[in-house]
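Novice:
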Amino acid sequence: MENILKVEGLTKWFGKTQAINDLSFRIERGQVVGILGPNGSGKTTTLSIILGLKYPSSGTYRWFNDSSTKKINKRIGSLIEVPFFYPYLTLTQNLEIVTKARGSGFNQISAALDTVGLLSREKSKFYALSLGMKQRLAIASALLGNTEVLVLDEPTNGLDPEGIADVRNIIKMQSQLGKTIILASHILDEVEKVCTHTVILKNGNIISKGNVAQLLSKKQMISISASNMNGLLELLQNFVGVEILEKSEESVTVSIKEDISSATLNEELVKQGVVPSSITLHKASLETEFLELIKHNQPKNH
Amino acid sequence: MLKALLNIERIKTLHSPTFRAIIILHAALFLLVSLIGANLHLNIQGITIEKLFQFPHIWNTIAWIASWFNLILGVLAIMLVTNEFQYRTFRKQLIDGLSRNQLLYGKLLVFITISAYAMLLVLICGIIIGVVKSNGNGLANITQGLEFVPILFLQTFGYLMLALLFGALFQNTALSIVAYILYFFPIEPIIRTIIPEIAAQYMPVKVIANLTPMPDFAGILMGDMIQINSGANNLSGLITANQSTPIFITALIAFAYCILLALGSKAIFHKKNF
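Just so you know, the sequences run in chain order R and H.
The first sequence stops at residue 302 when you use our numbering, and every number in between is there.
The second sequence stops at residue 1274 when you use our numbering, and every number in between is there.
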């Protein structure tokens, strides 16, 4: 597949603080990549560098296999952090500036505003919009022009549940149109619903990267109940490949490695004298996996 | 791309309430002072100042009056630049595909337009007041001293370029305005007292301010105006009343300063993390 973005050894220092450290990853055409990480993990810094807003301290990035950075941004629609527009201009005037900068047609503005549900407010001044509407306008701005890539940093910030669902649909629609999407978000449920790949950051380092389906298939989650809960807990604590995630008086939730099946676990528990009264298999979620990675993983060198 | 930059700047500048308010304030103050000055009937021992508002002296007089208000345009320029940092719209336009150079060129286009506006205002005002006050006399001299009009353009542009540098450097509106005004009075005047006089007369504000010198009241009123005595319409021969450097040379140095200030701003734009 065609490389859309290749990042190699990207490092950024702000004074004595290292924001990102030796990041390397590749994004291919058509992928929807979620960049995840807790606050301060380096997501926005990474996106700012690859969009040319900040200079890296070291390392390189290359868009579209092209070493020249000129005119690259015209092929990329972006929303970084909060929406930045002229407060005294109307929505149409603000988007007109974007179309002039991109060299795209003025006639796309109405369609973009319609896509994000703001067409009826086209004559409103930017300052008169709610936070959610401003966010929608920023998404409309990213959709303008003949962009091949969308870079969205926290696109659901300030949106109500309906707005979040709308953004998810927009992302899916754009992905179906063949656009490559890079999405940084805290809302892992959203990322799981739309992303094909993830890059997970912690303290400026990559701690995991790859296909979402593969990441989630590595582990399974099981809730187990038994009449002898103390015995069950003791056995599970000593079981290799099993990690206790949550325990209550009625049940214990564990994650088990992909090479252990729930049947094997049941068999072993019975052999050891604890008969489970119920075993419930849960689908692993990106949120659980993410939290576990953040909790346990030390940065990996890639 | 020049057309696109012009359109971008037209949309964001012409709709800016700050821009509208300051331009109206500038025009109103300039017109008010010019009209009051033109209608003053001071008569001291038979000498009146009316001659200052007749051709050909009107051009020096009105350019000098206009130069008082260049600082207002400088403050406007700072606000136009720092607002972009405050709204983070420079960042947005970089994301949208403009280059750092294009951000700067956009502002240069705005500043050229503002300087042209100042020049046009002086030209129109000068013609109207000159025609009214000359009463048909001296209309033959209408073009004499007209050089002060394009020189005012250069001076205004110089003020705006200095404002651009301060705005890009500090990015904060209040800080930039304070630093800009402090540089005019008293930072550069103090520096000029410290350094040798030969160097002091080539300091940027000194050079730019000297482009529109105070009219030689005494010389004009006593029929001894230096410009007339030099007998020349050509710019190189024109020597202003309170400086010894020919104005053509001063204009060249001011132009060189404009280029230096643009390069300084360009370096800041290129070095900055947006």
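The beta carbon of each residue, even a glycine, is placed where N, CA and C say it ideally should be.
What does R62/R pair with, by DSSP beta-bridge criteria?
Specialist: BP columns for R62/R point to K6/R.
Novice: First and last residue of the beta strand (DSSP E) that includes I1253/H?
Specialist: From DSSP, I1253/H is part of no beta strand (DSSP E) but of the alpha helix (DSSP H) over 1247 to 1271.
Novice: Counting only runs of 3+ residues fully inside the stretch 160 to 229 of chain R, write out the beta strand (DSSP E) ranges in chain order.
Specialist: Here the runs fully enclosed are 180 to 184, 197 to 202, 205 to 211, 219 to 226.
Novice: Distance, Cα to Cα, T44/R vs L177/R?
Specialist: For T44/R and L177/R, the distance between alpha carbons rounds to 26 Å.
Novice: Measuring CB atoms only, is the stretch 1085 to 1105 of chain H touching the stretch 1049 to 1068 of chain H, in the sense that at least three cross pairs come out at less than 8 Å?
Specialist: Output reads no: the stretch 1049 to 1068 of chain H does not touch the stretch 1085 to 1105 of chain H.
Novice: Give the secondary structure of D260/R by DSSP, where H, G and I count as helix, E and B as strand, and everything else as coil.
Specialist: One point to set straight first is that residue 260/R is Ile, not Asp, in the sequence displayed. Here I260/R sits in coil by DSSP.
Novice: Quick test of your reading: T180/R and V149/R, contact by CB under 8 Å. State the CB separation rounded to the nearest angstrom.
Specialist: At roughly 5 Å, the Cβ-Cβ gap stays under 8 Å, so T180/R and V149/R are in contact.
Novice: Using DSSP's beta-bridge definition, name the partner residues of W13/R.
Specialist: Per DSSP, Q18/R.
Novice: Going by C-alpha distance, which of A1118/H, A1209/H, L1164/H, I1062/H is nearest F1185/H?
Specialist: Checked all of A1118/H, A1209/H, L1164/H, I1062/H; the closest Cα to F1185/H is A1209/H.
Novice: Applying the criterion that 16 or more other CB atoms from any shown protein chain within 10 Å of the CB defines a buried residue, is D1216/H buried or exposed?
Specialist: So D1216/H ends up on the buried side.
Novice: Where P155/R and G40/R are concerned, what is the direct C-alpha to C-alpha distance, given to the nearest angstrom?
Specialist: Whole-angstrom Cα-Cα distance: 17 Å.
Novice: Throw me the rounded Cβ distance for the L113/R and L131/R pair, which I believe falls under 8 Å.
Specialist: Rounded, the Cβ-Cβ distance is 17 Å, inconsistent with contact.
Novice: Check whether the Cβ atoms of V82/R and L183/R sit closer than 8 Å, and answer yes or no.
Specialist: No, these two residues do not count as a Cβ contact at 8 Å.
Novice: Taking the alpha helix (DSSP H) that I992/H falls in, what are its first and last residues?
Specialist: For chain H, the structure presents residues 1001 to 1274; residue 992/H sits outside this window and is missing.
Novice: In chain order, what residues of the same chain have a beta carbon less than 6 Å from the beta carbon of Q108/R, not counting five sequence neighbours either side?
Specialist: Answer for Q108/R: L144, listed in chain order.
Novice: For L23/R versus T46/R, is the C-beta distance shorter than 8 Å?
Specialist: Contact: yes.
Novice: I need the straight-line Cα distance from S262/R to A213/R, nearest angstrom please.
Specialist: Taking the straight line joining both Cα atoms gives about 20 Å.
Novice: How close, in whole Å, do the beta carbons of I1011/H and L137/R come, if the pair is a contact with beta carbons under 8 Å?
Specialist: Contact flag wrong, Cβ pair sits at about 16 Å.
Novice: Who pairs with L1152/H in a beta bridge, going by DSSP?
Specialist: BP columns for L1152/H are empty, so no partner.
Novice: Between the stretch 1174 to 1182 of chain H and the stretch 1067 to 1084 of chain H, can you find at least three pairs of beta-carbon atoms closer than 8 Å?
Specialist: Segments in contact, yes.
Novice: Using a Cβ-Cβ distance cut-off of 8 Å, determine whether G1167/H contacts chain R.
Specialist: Output row for G1167/H: interface = no.
Novice: Using a Cβ distance threshold of 8 Å, determine whether the stretch 1106 to 1122 of chain H contacts the stretch 1152 to 1172 of chain H, with at least three qualifying pairs required.
Specialist: Contact holds: three or more Cβ-Cβ distances are below 8 Å.
Novice: Consider the Cβ of Y61/R: report whether some Cβ of chain H lies at a distance smaller than 8 Å.
Specialist: For Y61/R, the answer is no, since every Cβ of chain H falls outside 8 Å of its Cβ.
Novice: For S78/R and chain H, any beta-carbon pair shorter than 8 Å?
Specialist: Output row for S78/R: interface = yes.
Novice: Along chain R, which residues have their Cβ under 9 Å away from the Cβ of N1007/H?
Specialist: In chain order: E96, I97, K100.
Novice: Just by C-beta distance, which residues in the stretch 1071 to 1101 of chain H are closer than 8 Å to chain R?
Specialist: If the cut-off is 8 Å between Cβ atoms, the stretch 1071 to 1101 of chain H has Y1087, R1088, T1089, R1091, K1092, Q1093, L1094, I1095, D1096, G1097, L1098, S1099 near chain R.
Novice: What distance in whole Å lies between the Cβ atoms of A1077/H and F1030/H, which are believed to be in contact at a cut-off of 8 Å?
Specialist: With 8 Å as the limit, F1030/H and A1077/H do not qualify as a contact, their Cβ atoms being about 17 Å apart.
Novice: Please go through the stretch 30 to 64 of chain R and give each complete alpha helix (DSSP H) segment of 4 or more residues, from N-terminal end onward.
Specialist: Listed in chain order, the complete alpha helix (DSSP H) runs (minimum 4 residues) inside the stretch 30 to 64 of chain R are 43 to 50.
Novice: With 8 Å as the threshold, decide whether the Cβ of F1274/H is near any Cβ in chain R.
Specialist: Yes, F1274/H counts as interfacial toward chain R.
Novice: Should A1256/H go down as buried or exposed, given a rule of 16 or more other Cβ atoms within 10 Å for buried?
Specialist: A1256/H should be labelled exposed.
Novice: Exposed or buried, what is G311/R when buried is set at 16 or more other beta-carbons lying within 10 Å of its beta-carbon?
Specialist: No information on residue 311/R is available, as it lies outside the stretch 1 to 302 that chain R covers here.
Novice: Closest to L1006/H by CA distance: which of K100/R, V252/R, I20/R is it?
Specialist: When each option's Cα is compared against that of L1006/H, the closest is K100/R.
Novice: Can you tell me whether DSSP reads D114/R as helix, strand or coil?
Specialist: It is helical.
Novice: Should A1140/H be flagged as near chain R, meaning a C-beta pair shorter than 8 Å?
Specialist: So no, A1140/H is outside the interface.
Novice: Apart from the five residues just before and just after F1148/H, which ones in its own chain have a Cβ nearer than 6 Å to its Cβ?
Specialist: Excluding positions up to five away in sequence, the list reads W1059, N1060, A1063.
Novice: Take the Cβ of E1009/H as the centre, count every other Cβ of all protein chains shown within 10 Å, and call the residue buried at 16 or more, exposed below.
Specialist: It is buried - the Cβ of E1009/H has at least 16 other Cβ atoms within 10 Å.
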